[in-house]
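S.K.: Residue numbers (the working numbering), protein chains in the order written: chain E, 7 to 343; chain F, 19 to 269; chain G, 6 to 295.
Where is the CB? At the ideal position from N, CA and C, for every residue including glycine.
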Amino acid sequence: MSAPGYVLDHPAARALAERHRVRAWEALPWLLAIAFYFAFPRHLGFGTELLVAILFAISLDLALGYAGIITLGHAAFFGAGAYTVGMLAFHGVWKEPISGLLLGGAVAALIGLASGLVLLRTAGLTLLMLTLCTMALLEETANFAHAYTGSFDGLPGITFKPVLGLFEFNPLIPRTQYVYALVVLFIGFVFVRTLIYSPFGQSLTGIRENTLRMHAVGAPVRVRLVICYTISAAIAGVAGGLWAQTNLYVNLSTLSLDRAATVLIILVLGGYGRLYGSFIGAVAYMVLAHFLSQIYPTAWQLGLGLLLVLIALFARNGILGLFDTLRRHFRAKRAPS
Amino acid sequence: MTTTLIETHNVSKSFGALRAASDINFRIESGARRALIGPNGAGKTTFINLLTGVFAPTAGRVLYKGRDITDLPQAARVKLGIARTFQINRLFRGLSVLENVYIAIAERLGAAPAMLHPAGRRRDVIEESMHLLEQLKLADDAHHSISELPYGRQRLVELAIALGLKPEVLLLDEPAAGVPSAESHIILDAIDALPAHIGVLIIDHDMDLVFRFARHITVLVRGAIFAEGTPKEIGANPDVRAVYLGQASHG
Amino acid sequence: MIFGIDVASMLLGGLAAGMVLFIVSVGLSVTMGLMGFVNLAHGAFAMLGGYIIVLVMRNWNFDFVSALATGFILTAAISVIFERLLYARLYRAPELDQVLFTIGLVFIFIASVTLLVGPENQPVPIPAALQGQLDLGFLQYRTYSIFLILIGIVIVIGLWLGFERTRYGAQIRAAVDNRRMAESLGINIDRLFTVTFAFGSGMAALGGGLGAEFLGLDPQYPLKYLVFFLIVVAVGGPGRIFGAFYAAAIIGVLDFALKLYIPKGGTLFIYALTILLLLWRPQGLFGRTA
Numbered sequence: 007m008s009a010p011g012y013v014l015d016h017p018a019a020r021a022l023a024e025r026h027r028v029r030a031w032e033a034l035p036w037l038l039a040i041a042f043y044f045a046f047p048r049h050l051g052f053g054t055e056l057l058v059a060i061l062f063a064i065s066l067d068l069a070l071g072y073a074g075i076i077t078l079g080h081a082a083f084f085g086a087g088a089y090t091v092g093m094l095a096f097h098g099v100w101k102e103p104i105s106g107l108l109l110g111g112a113v114a115a116l117i118g119l120a121s122g123l124v125l126l127r128t129a130g131l132t133l134l135m136l137t138l139c140t141m142a143l144l145e146e147t148a149n150f151a152h153a154y155t156g157s158f159d160g161l162p163g164i165t166f167k168p169v170l171g172l173f174e175f176n177p178l179i180p181r182t183q184y185v186y187a188l189v190v191l192f193i194g195f196v197f198v199r200t201l202i203y204s205p206f207g208q209s210l211t212g213i214r215e216n217t218l219r220m221h222a223v224g225a226p227v228r229v230r231l232v233i234c235y236t237i238s239a240a241i242a243g244v245a246g247g248l249w250a251q252t253n254l255y256v257n258l259s260t261l262s263l264d265r266a267a268t269v270l271i272i273l274v275l276g277g278y279g280r281l282y283g284s285f286i287g288a289v290a291y292m293v294l295a296h297f298l299s300q301i302y303p304t305a306w307q308l309g310l311g312l313l314l315v316l317i318a319l320f321a322r323n324g325i326l327g328l329f330d331t332l333r334r335h336f337r338a339k340r341a342p343s
Numbered sequence: 019m020t021t022t023l024i025e026t027h028n029v030s031k032s033f034g035a036l037r038a039a040s041d042i043n044f045r046i047e048s049g050a051r052r053a054l055i056g057p058n059g060a061g062k063t064t065f066i067n068l069l070t071g072v073f074a075p076t077a078g079r080v081l082y083k084g085r086d087i088t089d090l091p092q093a094a095r096v097k098l099g100i101a102r103t104f105q106i107n108r109l110f111r112g113l114s115v116l117e118n119v120y121i122a123i124a125e126r127l128g129a130a131p132a133m134l135h136p137a138g139r140r141r142d143v144i145e146e147s148m149h150l151l152e153q154l155k156l157a158d159d160a161h162h163s164i165s166e167l168p169y170g171r172q173r174l175v176e177l178a179i180a181l182g183l184k185p186e187v188l189l190l191d192e193p194a195a196g197v198p199s200a201e202s203h204i205i206l207d208a209i210d211a212l213p214a215h216i217g218v219l220i221i222d223h224d225m226d227l228v229f230r231f232a233r234h235i236t237v238l239v240r241g242a243i244f245a246e247g248t249p250k251e252i253g254a255n256p257d258v259r260a261v262y263l264g265q266a267s268h269g
Numbered sequence: 006m007i008f009g010i011d012v013a014s015m016l017l018g019g020l021a022a023g024m025v026l027f028i029v030s031v032g033l034s035v036t037m038g039l040m041g042f043v044n045l046a047h048g049a050f051a052m053l054g055g056y057i058i059v060l061v062m063r064n065w066n067f068d069f070v071s072a073l074a075t076g077f078i079l080t081a082a083i084s085v086i087f088e089r090l091l092y093a094r095l096y097r098a099p100e101l102d103q104v105l106f107t108i109g110l111v112f113i114f115i116a117s118v119t120l121l122v123g124p125e126n127q128p129v130p131i132p133a134a135l136q137g138q139l140d141l142g143f144l145q146y147r148t149y150s151i152f153l154i155l156i157g158i159v160i161v162i163g164l165w166l167g168f169e170r171t172r173y174g175a176q177i178r179a180a181v182d183n184r185r186m187a188e189s190l191g192i193n194i195d196r197l198f199t200v201t202f203a204f205g206s207g208m209a210a211l212g213g214g215l216g217a218e219f220l221g222l223d224p225q226y227p228l229k230y231l232v233f234f235l236i237v238v239a240v241g242g243p244g245r246i247f248g249a250f251y252a253a254a255i256i257g258v259l260d261f262a263l264k265l266y267i268p269k270g271g272t273l274f275i276y277a278l279t280i281l282l283l284l285w286r287p288q289g290l291f292g293r294t295a
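1) Over what stretch of residues does the beta strand (DSSP E) that includes Lys31 of chain F continue unbroken?
2) Please list the partners that Arg127 of chain E has in chain G, where partner means a Cβ-to-Cβ separation under 9 Å.
3) Taking only runs of the alpha helix (DSSP H) that begin and end inside the segment 102-171 of chain F, which ones reach a length of at least 4 residues, in chain order?
4) Residues of chain F with CB under 8 Å from Arg25 of chain E, in chain order?
5) Can you list, in chain order, the residues of its chain with a C-beta nearer than 7 Å to that of Gln138 of chain G? Leave out the 5 residues immediately preceding and following it.
6) Phe244 of chain F and Val237 of chain F - do their beta-carbons sit closer together than 7 Å?
7) With distance defined between alpha-carbon atoms, name the residue in E:Gly106, E:Gly74 and E:Phe52 nearest to Gly247 of chain E.
8) With a cut-off of 8 Å on the beta carbons, I'd call Gly311 of chain E and Ile177 of chain G a contact; round off their distance for me.
9) Establish whether the CB of Leu39 of chain G and some CB of chain E are separated by less than 7 Å.
10) Please classify Ala200 of chain F: does DSSP put it in a helix, a strand, or coil?
11) Grouping DSSP H, G and I as helix and E and B as strand, with all else coil, what is Gly142 of chain G?
12) Report back the beta-carbon spacing between Asp109 of chain F and Val175 of chain F to the nearest angstrom; my notes put them in contact at under 8 Å.
13) Among the candidates E:Tyr89, E:Leu126, E:Leu109 and E:Glu174, whose CA atom is the shortest distance from the CA of Thr217 of chain E?
14) Between the segment 208-216 of chain E and the segment 103-121 of chain F, do at least 3 Cβ pairs fall closer than 8 Å?
15) Would you say His16 of chain E lies against chain F (beta-carbon separation less than 7 Å)?
16) Considering Asn43 of chain F, what are the terminal residues of the beta strand (DSSP E) in which it resides?
17) Given a threshold of 16 other Cβ atoms within 10 Å of its Cβ, counted over all protein chains shown, does Lys31 of chain F qualify as buried or as exposed?
18) Do Arg52 of chain F and His234 of chain F come within 7 Å of each other at the CB atom, strictly closer than that value?
19) Between Leu153 of chain G and Ala21 of chain G, is the Cβ-Cβ spacing less than 7 Å?
20) Could one say the Cβ of Cys234 of chain E lies closer than 7 Å to chain G's Cβ atoms, at least one of them?
21) Given this structure, state the Cα-to-Cα distance separating Ala98 of chain G from Leu110 of chain G, to the nearest angstrom.
22) Work out the CA separation of Leu228 of chain G and Ile246 of chain G for me, nearest whole Å.
23) When the cut-off is 7 Å and only beta carbons count, does Lys62 of chain F lie next to chain E?
24) When DSSP labels each residue in this structure, what does Leu78 of chain E get in the three-state scheme?
25) So what's Val129 of chain G in DSSP terms, helix, strand or just coil?
26) What in chain F is Cβ-close to Gln208 of chain E, meaning under 8 Å?
27) For a minimum of 4 consecutive residues, which ranges assigned as the alpha helix (DSSP H) are wholly contained in the segment 137-214 of chain E?
28) Applying the criterion that 16 or more other CB atoms from any shown protein chain within 10 Å of the CB defines a buried residue, is Asp159 of chain E buried or exposed?
29) Counting C-beta neighbours from all protein chains within 10 Å, is the total for Met24 of chain G 16 or more, i.e. buried, or is it exposed?
30) If I follow the unbroken beta strand (DSSP E) through Ala129 of chain E, where does it start and stop?
31) Spell out whether any CB of chain F is found under 7 Å from the CB atom of Glu32 of chain E.
32) Of all Cβ atoms in chain G, is any one closer than 7 Å to the Cβ of Thr132 of chain E?
33) Quick one: which chain F residues come within Cβ less than 8 Å of His335 of chain E?
34) To the nearest whole angstrom, what separates the beta carbons of Ser209 of chain E and Ala130 of chain F, a pair I think is in contact under 8 Å?
35) Secondary structure at Arg240 of chain F, three-state DSSP: helix, strand or coil?
36) Taking any Cβ of chain E, which residues in the segment 92-120 of chain G have a Cβ under 9 Å from it, in chain order?
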């Protein structure tokens with residue numbers, strides 16, 4: 007027989023066994039985020055938006071990048087989390103931020119579970135349509151219940167209890183918001199990273215790569231997809247709740263097609279199905295948007311459209327995909343057969 | 019002592035007006051080496067789909083070890099011990115050979131639903147995967163992604179996945195299809211080396227493979243069983259030859 | 006008596022709106038059924054056609070019929086260019102690529118229209134003959150709405166005849182049913198698709214122009230109504246002309262009915278009903294099971 011551990015002499019086995027190990031460069035994004043806090047104290051508002059966008063994109067990556075669920079309605083969960091947190095605080099029912107965030111995630115998870123059970127029986131255009139439908143349904147509901155949600159005007163001027171009883175959300179100096187968002191993002195990221203490298207995450211990749219084969223190896227495909235969708239919804243809900251808490255405000259934009267399309271663009275731009283694609287995509291998109299979309303909004307939309315067409319035709323794996331292609335190109339050049 | 023593993027009673031399948039399977043009575047017992055042959059469009063793949071639960075029959079029952087599994091979905095049948103390979107490779111193309119087999123074995127061992135520890139922590143799954151790859155002489159390719167492999171070796175991975183499920187019944191849909199003749203021996207050797215207790219059914223057009231491998235041949239024509247018997251009987255059967263020659267002359 | 010008139014006028018208004026939805030969406034349904042291509046930019050072609058119709062009427066004094074014909078032909082022609090140059094490259098591409106591409110197209114169309122014409126709503130001048138009210142005996146109703154209903158019925162029957170009686174129609178039906186078999190029978194699927202795509206976009210253009218009364222005509226059109234076009238296709242079943250017709254009619258009538266009885270929350274029910282319907286029948290009301 008074989009001595010235990012012998013099999014790990016094989017490079018492939020070793021690679022698989024160590025795939026999840028944290029590499030040195032993975033500290034980089036966090037170091038940069040911390041450096042940003044000290045280097046750009048007057049842009050912490052923008053920085054916080056960026057962190058929230060990354061968390062939202064990570065949630066979408068779980069559903070779309072890893073499980074292959076194509077959705078244009080992910081803002082449904084973002085908004086569900088935002089409104090849960092926002093409404094509870096605005097109407098004085100619940101103002102504690104951390105537990106509020108968990109509540110927002112829980113509500114979003116419930117909606118994700120319920121809608122996932124229905125939607126994931128379908129595929130393709132029907133599934134896409136149903137994701138849009140669910141989001142539109144929530145948006146209309148929020149619009150309808152204006153007494154609770156403020157409808158089109160939203161709920162302005164929300165206040166929360168200080169984080170851990172010590173750190174206040176000051177709308178003019180968003181330092182607490184930034185650090186708070188960074189910690190939440192870190193925790194969310196660690197969770198998703200663990201999930202991706204687990205056997206469950208591996209099976210999601212299998213479902214994405216070849217659903218029929220997964221059925222034929224005995225995997226309960228729909229159960230896995232629903233679980234994945236629910237977790238993704240929960241994280242999106244936390245991101246939405248975070249948005250409400252750091253902006254001290256919530257409105258219908260959290261449930262809009264615009265927000266859902268933006269997070270999809272961010273994810274694809276950076277590279278989906280890659281843990282760090284969300285980081286790169288969010289930074290690239292939001293920096294560009296910050297400078298261009300205010301000044302020339304129509305030209306911005308035109309450019310965005312062209313970018314999407316180009317990505318779809320030539321660069322479907324986004325920025326990280328382009329890096330990969332470049333790396334392979336140089337490796338091939340350096341090692342002539 | 020052979021047990022009947024999978025059997026069908028008067029199974030029929032219609033797609034609208036098209037009758038793809040008519041009243042098929044079939045069994046695969048443990049240790050079987052059976053082949054299903056027939057002209058194109060005879061319904062051979064449809065029959066495998068009926069056995070594995072890709073779709074339900076329009077009439078008739080499918081039984082496994084005496085238990086009615088007609089309404090059981092694909093994944094459940096795999097858990098019972100029925101595995102198949104596809105006529106066209108269905109592999110996880112972006113993943114490595116090792117990962118492909120890992121996924122199958124992880125499902126079988128119940129390791130797949132785990133969310134909170136890394137896949138690499140399950141050394142038992144990795145070990146079993148490597149063992150299987152070594153048996154099929156795929157170990158050197160373990161770290162290559164599927165798209166880097168020649169088609170013949172990809173077909174072998176398709177077989178590896180099915181074997182990783184430790185099935186009692188193995189259904190091989192044209193296992194050597196698309197494999198260049200220079201590579202086909204690796205498939206044939208692997209089939210020869212299949213564990214003796216597994217009941218194996220092969221669909222193929224390659225008569226050399228069929229006659230080399232099968233102890234019992236069923237001929238399917240237009241969805242119905244046309245003839246059955248040992249290779250010698252089938253080879254000598256003039257009606258079978260006519261069916262195939264008729265096929266050839268229509269070209 | 007008054008209750009009866011309310012119901013009748015609601016039915017007529019709903020049907021008219023439904024006809025608009027149908028005329029715009031039928032092209033999307035057929036191209037979806039034929040090629041399985043997720044074309045989220047379909048509404049953009051409807052908008053394009055609508056703008057062409059408005060502009061030729063306003064700036065060059067085209068009459069209504071010529072404007073509609075121009076809108077149809079020009080949009081169909083433009084769509085062929087897009088189809089041959091861009092869409093065709095993505096037929097075998099994964100669904101995500103098709104989604105990204107068509108959303109990108111939508112953004113390009115919206116921005117272009119905003120830059121070239123402006124962000125305001127463009128009303129379509131209705132010819133005098135179709136203005137005013139028609140006396141139906143038991144009720145007086147807007148002539149234009151009656152016109153829309155009649156046009157819709159004519160179109161669905163015309164399309165149905167085209168599908169059942171012409172060679173092209175037979176080929177499309179065969180290809181929708183089983184593409185691989187159709188290909189092996191020698192049907193040139195790519196050419197079929199170009200023709201169908203052009204025709205579908207032309208139809209959308211007609212719908213965009215005819216329907217400006219109900220759906221308006223502004224740069225946000227393709228995104229505002231995207232869900233509804235998709236609902237019509239999914240509920241009606243991709244590739245099913247009468248399916249799209251009934252689905253659109255039902256949605257139109259429901260929308261009007263709900264507006265009457267629940268002024269603020271009407272659309273909500275349409276979304277909820279769609280979800281429930283597809284929970285019960287994932288293939289749509291008239292689609293076929295896999």
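M.R.: If we stick to the structure as given:
1) Thr22 to Phe33
2) Leu283, Leu284 and Pro287
3) 115-127 and 141-153
4) Pro136, Ala137 and Gly138
5) Gln145, Tyr146, Arg147 and Thr148
6) yes
7) E:Gly106
8) Contact flag wrong, Cβ pair sits at about 30 Å.
9) no
10) coil
11) coil
12) The question names Asp, yet the displayed sequence has Leu at residue 109 of chain F. Going by Cβ atoms, the distance from Leu109 of chain F to Val175 of chain F rounds to 6 Å, so yes, they are a contact pair.
13) E:Leu126
14) yes
15) yes
16) Leu36 to Glu47
17) buried
18) yes
19) yes
20) no
21) 16 Å
22) 23 Å
23) no
24) coil
25) coil
26) Glu117, Tyr120, Ile121, Ala124, Ala130 and Ala137
27) 152-155 and 181-203
28) exposed
29) buried
30) Counting along the chain, Ala129 of chain E falls outside any beta strand (DSSP E), and DSSP gives it neither H nor E.
31) no
32) yes
33) The contacting residues do not exist; His335 of chain E stays about 17 Å from chain F at best.
34) 5 Å
35) coil
36) Arg94, Leu95, Ala98, Pro99, Glu100, Leu101, Asp102, Gln103, Val104, Leu105, Phe106, Thr107, Ile108, Gly109, Leu110, Val111, Phe112, Ile113, Phe114, Ile115, Ala116, Ser117, Thr119 and Leu120
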